[in-house]
Amino acid sequence: MDTREADEVFRQLVEIAESLGFGWLTESVRDEIIAGRPTPEIEKPTGSSQGLELDRRRALRVRELEPELARELGSSRVRSVAYSSQDRLHLLLTALEHAIADAFKLEQALLQFAQEHHVSSVLFADEAATVESGRQVTVDAAHVSNTAPAVAALVAALQQLRSEIAR
Amino acid sequence: MNTRAALIASIQQALQSLSGRYARAPGHDLFEGYLLGLVVRAARLEGATVQLVNATHGLLLRTAPGRIYGVSVQGQAYSYAVIQFAQRPDLEAHVGVRVEGKSRVVHECDVLVVHADEAELCRRRRVEPKSAAALISVEGKLYGTPLKIDLGRSFIGLINDLSSDWRCLATNFHRNEVVAALMARNRDRYLFQHVLPAARGEDSIVEFFTNAFRRHRDRRP
Numbered sequence: 175m176d177t178r179e180a181d182e183v184f185r186q187l188v189e190i191a192e193s194l195g196f197g198w199l200t201e202s203v204r205d206e207i208i209a210g211r212p213t214p215e216i217e218k219p220t221g222s223s224q225g226l227e228l229d230r231r232r233a234l235r236v237r238e239l240e241p242e243l244a245r246e247l248g249s250s251r252v253r254s255v256a257y258s259s260q261d262r263l264h265l266l267l268t269a270l271e272h273a274i275a276d277a278f279k280l281e282q283a284l285l286q287f288a289q290e291h292h293v294s295s296v297l298f299a300d301e302a303a304t305v306e307s308g309r310q311v312t313v314d315a316a317h318v319s320n321t322a323p324a325v326a327a328l329v330a331a332l333q334q335l336r337s338e339i340a341r
Numbered sequence: 128m129n130t131r132a133a134l135i136a137s138i139q140q141a142l143q144s145l146s147g148r149y150a151r152a153p154g155h156d157l158f159e160g161y162l163l164g165l166v167v168r169a170a171r172l173e174g175a176t177v178q179l180v181n182a183t184h185g186l187l188l189r190t191a192p193g194r195i196y197g198v199s200v201q202g203q204a205y206s207y208a209v210i211q212f213a214q215r216p217d218l219e220a221h222v223g224v225r226v227e228g229k230s231r232v233v234h235e236c237d238v239l240v241v242h243a244d245e246a247e248l249c250r251r252r253r254v255e256p257k258s259a260a261a262l263i264s265v266e267g268k269l270y271g272t273p274l275k276i277d278l279g280r281s282f283i284g285l286i287n288d289l290s291s292d293w294r295c296l297a298t299n300f301h302r303n304e305v306v307a308a309l310m311a312r313n314r315d316r317y318l319f320q321h322v323l324p325a326a327r328g329e330d331s332i333v334e335f336f337t338n339a340f341r342r343h344r345d346r347r348p
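Chains A and B, in that order, give the protein sequences.
Residue numbering for the first sequence follows the numbering used here, beginning at 175 and increasing consecutively.
Residue numbering for the second sequence follows the numbering used here, beginning at 128 and increasing consecutively.
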């Protein structure tokens, strides 16, 4: 997927997600894009063994002659690198998967925990003293079985699209 | 319709059917409930007897941090787990309750394992438990992107003010370079990443909890 295509898919998915109420999720993806990826400025040499040996010798030489420079080279310097268009799309797909598939996995695990203790459902309810009013969410076997197909379809589509980014 | 357009249409269709449930907010409360399950699992692995309290008509958990003595809008008491080891003081595991720190500031604690006598006193007097009476405190973060630095900083501030023996930050997200680097500077700062059912972080955090319970169980009276 080239840069232009990745940008277009990103734009379409953001539009879809926001229209369906996932604005909090696209916002967190945008925050991550603005922050950039923290990347070590000095990376470990990855060249040939001869190249590595040269780097080691050079490092030893620097340490002998320029102790301050050696300290600087040896310390971990980090810079924020901008995400590429493909990375941005990858971030969005991952965020969508975490937001829904992870939440569903947690619901399944929580229900299993309850059932192990002979309890058939889990109810989330606001506390009387909070400013929220009457919000309730129930996790039970019917919810899990009704939701599973849509979650599976979503995960499959997200993974397929993710694999296309690399092509 | 080409393959890519079909994929986007599939995503849209699935999101439409799931948005009613999952679009409102990230499932922080689900994550906290799941962490309670892991705490209970660890306690049982170490030989504890565990009983869920206030769970006759289903497990009742909070949607947001509340008070250990609080009740739901419907007037029902929230569920918690009583953890008993032979010849050791009983413990209680709670989800989403406030706790008093060393500075006397009240913090929100996503999962709290506290001595049962302290919990009972707090329910009777309608006060917050002291963190000194807690064995475990867990901060849970369910995120779709890497944890930001402000979360790491706030956790460090939190654990500095809590005196529970075992304190950790748990997240479902698998790779959090910034927060991991921040936490790595101190051995008392425990970060568990990729904590999800059957994921590698689940085993690590359960081991952390079992260590805590083992120390509690084996401590001389």
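Idealized CB from N, CA, C, for every residue including glycine.
- Task: Check the Cβ of A:R199 against every Cβ in chain B and list those closer than 7 Å, keeping chain order.
- Result: Before going further, note that residue 199 of chain A is Leu rather than Arg in the sequence given. Here the neighbours are G271.
- Task: Less than 8 Å between the CB atoms is what I'm expecting for B:G223 and B:G193, so what's the real figure, rounded?
- Result: 6 Å
- Task: List the residues of chain B whose Cβ lies closer than 9 Å to the Cβ of A:Q334, in chain order.
- Result: T130, L134, S137
- Message: Could you tell me which whole alpha helix (DSSP H) segments of length 4 or greater appear in the segment 256 to 294 of chain B?
- Response: 276 to 288
- Query: Which partner residues of B:H242 appear in the DSSP bridge assignment?
  - Reply: B:L218
- Message: Against chain A, does B:D330 count as a neighbour if the rule is that its beta carbon must be under 8 Å from one of theirs?
- Response: no
- Query: Given B:T337, which residues of its chain have a CB within under 7 Å of its CB, disregarding the five upstream and five downstream residues?
  - Reply: A169, L172, E173
- Message: For B:D277, would you say it is in contact with chain A, using Cβ-to-Cβ distances shorter than 8 Å as the test?
- Response: no
- Message: Please state the DSSP three-state secondary structure of A:A191.
- Response: helix
- Query: By the criterion of Cβ-Cβ separation under 7 Å, what are the contact partners of A:E281 in chain B?
  - Reply: L157
- Item | Own chain partners of A:D181 with C-beta closer than 7 Å, once the 5 adjacent residues on each side are dropped | S259
- Task: Output, in chain order, the set of chain B residues within a Cβ distance shorter than 9 Å of A:S337.
- Result: The premise fails here: A:S337 is roughly 10 Å from chain B at the closest Cβ pair, so nothing lies under 9 Å.
- Message: So, for B:F282: in the same chain, excluding its five sequence neighbours on each side, which residues have a beta-carbon less than 7 Å away from its beta-carbon?
- Response: E266, L296
- What is the residue span of the alpha helix (DSSP H) that A:T268 lies within? 259 to 271
- Item | Residue burial classification, B:K257 (beta-carbon count within 10 angstroms, cutoff 16) | buried
- Message: For B:G160 and B:K275, what's the separation of their Cα atoms in angstroms?
- Response: 23 Å
- Item | Delimiting residues of the alpha helix (DSSP H) encompassing B:Q320 | Element bounds for B:Q320: n/a, residue is neither H nor E.
- Task: For chain B, find out if any of its Cβ atoms is closer than 8 Å to the Cβ of A:K218; answer yes or no.
- Result: Caution is warranted here: a pLDDT of 47 is assigned to A:K218, below 50, making its placement in the model unreliable, and no coordinate value can be reported.
- What is the residue span of the alpha helix (DSSP H) that B:V349 lies within? Not covered by the structure: residue 349 of chain B. The range shown for chain B is 128 to 348.
- Message: Comparing C-alpha positions only, which one of B:S199, B:I138, B:T272, B:L165 sits nearest to A:T301?
- Response: Residue identity check: residue 301 of chain A is Glu in the sequence provided, not Thr. Checking every option, the nearest Cα to that of A:E301 belongs to B:S199.
- Answer with buried or exposed for A:S146, where buried requires no fewer than 16 other C-beta atoms within 10 angstroms of its C-beta. Since the first residue shown for chain A is 175 and the last is 341, residue 146 of chain A is missing from the structure and cannot be characterised.
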